[in-house]
Amino acid sequence: MMKVLLLKDAKEDDCGQDPYIRELGLYGLEATLIPVLSFEFLSLPSFSEKLCHPEGYGGLIFTSPRAVEAVDLCLEKDNKAEVWKHSLREKWNAKSVYVVGNATASLVNKIGLDTEGANCGNAEKLAEYICSRESPALPLLFPCGTVKGEILPKMLKDRGIPMESITVYQKIPHPGIQVNLNSYYSKQGVPASITFFSPSGLTYSLKHIQELSGDNIDQIKFAAIGPSTARALTAQGLPVSCLAESPTPSALAKGLRLALQAPRC
Numbered sequence: 001m002m003k004v005l006l007l008k009d010a011k012e013d014d015c016g017q018d019p020y021i022r023e024l025g026l027y028g029l030e031a032t033l034i035p036v037l038s039f040e041f042l043s044l045p046s047f048s049e050k051l052c053h054p055e056g057y058g059g060l061i062f063t064s065p066r067a068v069e070a071v072d073l074c075l076e077k078d079n080k081a082e083v084w085k086h087s088l089r090e091k092w093n094a095k096s097v098y099v100v101g102n103a104t105a106s107l108v109n110k111i112g113l114d115t116e117g118a119n120c121g122n123a124e125k126l127a128e129y130i131c132s133r134e135s136p137a138l139p140l141l142f143p144c145g146t147v148k149g150e151i152l153p154k155m156l157k158d159r160g161i162p163m164e165s166i167t168v169y170q171k172i173p174h175p176g177i178q179v180n181l182n183s184y185y186s187k188q189g190v191p192a193s194i195t196f197f198s199p200s201g202l203t204y205s206l207k208h209i210q211e212l213s214g215d216n217i218d219q220i221k222f223a224a225i226g227p228s229t230a231r232a233l234t235a236q237g238l239p240v241s242c243l244a245e246s247p248t249p250s251a252l253a254k255g256l257r258l259a260l261q262a263p264r265c
């Protein structure tokens, strides 16, 4: 089987296996996951206060699983889980809750909120979707990371849709990047492909990958899970051999299969 490297942390599904590993395996690709990001949560008291006042907002926007985790952390503090269950959840559900991607949508569903826009696939398409809806009089609350794309806020601003962002997490390098990459290369050699899942993940891992790959780096097919990551690859002078049509295991598997011309099992 052709070996591919995915720079993300493992997430088990109901079958007890990461869906990316399973899906790529169906296409004759042996995937290994190496996490490159860790997260620190910020401003949770302020975010918690905002969550307690849905009457001040027209809805919510979630573009990452981490932002939903921030909600979970807020609910764990000060016994807010009961208040959420009995009143706040219903009040937020009376408004629009916009999300990017099925993974984020699934987490939002778990905290009891209905979602829309999950199939948009990336922030730019979600912004188009929001702009196509009726413009709310109140601002949309957007919990985000310190490094957020500017496309969604700009598109909403240009269309006169009010939005209030709050930074609730920051990305930091995973402490095991170098050790894990060294171990992978020493055992598996240079992978046929490497998939990056965020511009930050690229920033934190590229130097190590370049050093370990040496002259063989030209043999690697680089893949991106979304357009912002693809732009970051291009900015580093690396060719993008595969851009997944959506941030899903099946879309990445199909894209890598074409890029690598791997026969299906």
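Residues in the sequence shown are numbered consecutively from 1, following the UniProt record's numbering. Virtual Cβ for every residue (Gly too), placed ideally from N, Cα, C.
- With contacts defined by Cβ atoms closer than 9 Å, LEU33 and ILE194 do not form a contacting pair.
- Secondary structure note for LEU202: its alpha helix (DSSP H) is the uninterrupted segment 199 to 213.
- Taking a 10 Å sphere around the C-beta of HIS53, we find fewer than 16 other C-beta atoms and assign the residue as exposed.
- Its Cα nearest to that of SER165, the residue LEU51 stands out among PHE39, GLU23 and LEU51.
- For ALA223, the enclosing beta strand (DSSP E) begins and ends at 221 to 224.
- Just measuring C-alpha positions, the residue of PRO136, THR63 and ALA259 sitting nearest VAL100 is THR63.
- Spanning the alpha carbons of ALA192 and LYS3 requires a straight line of approximately 6 Å.
- Between LYS80 and SER48 a beta carbon distance of about 7 Å is seen, short of the 8 Å cut, so the two are scored as contacting.
- For LEU140, the closest alpha carbon among the candidates TYR98, ILE172 and ILE177 is that of TYR98.
- Cβ atoms of TYR169 and PHE41 come within 8 Å of each other, at about 5 Å.
- Residue ranges of uninterrupted alpha helix (DSSP H) with 4 or more members, entirely inside the region 71 to 113 and ordered along the chain, are 80 to 83, 89 to 93 and 102 to 110.
- Excluding five sequence positions before and after GLU55, the CB atoms of its chain that fall closer than 8 Å to its own CB belong to LYS91, given in chain order.
- The DSSP-derived three-state label of GLN188 is helix.
- Taken in chain order, the complete beta strand (DSSP E) segments of 3 residues or longer contained in the region 22 to 55 are 29 to 33 and 37 to 41.
- CYS131 has no beta-bridge partner at all, per DSSP.
- For LEU7, the beta-bridge partners assigned by DSSP are PHE196.
- Secondary structure of LEU252 (DSSP, three-state): helix.
- ARG257 and GLU116 have their C-alpha atoms some 30 Å from each other.
- Relative to CYS242, the option among ALA251, VAL108 and GLN236 whose CA is nearest is ALA251.
- Assigned with DSSP and collapsed to three states, GLN170 falls in strand.
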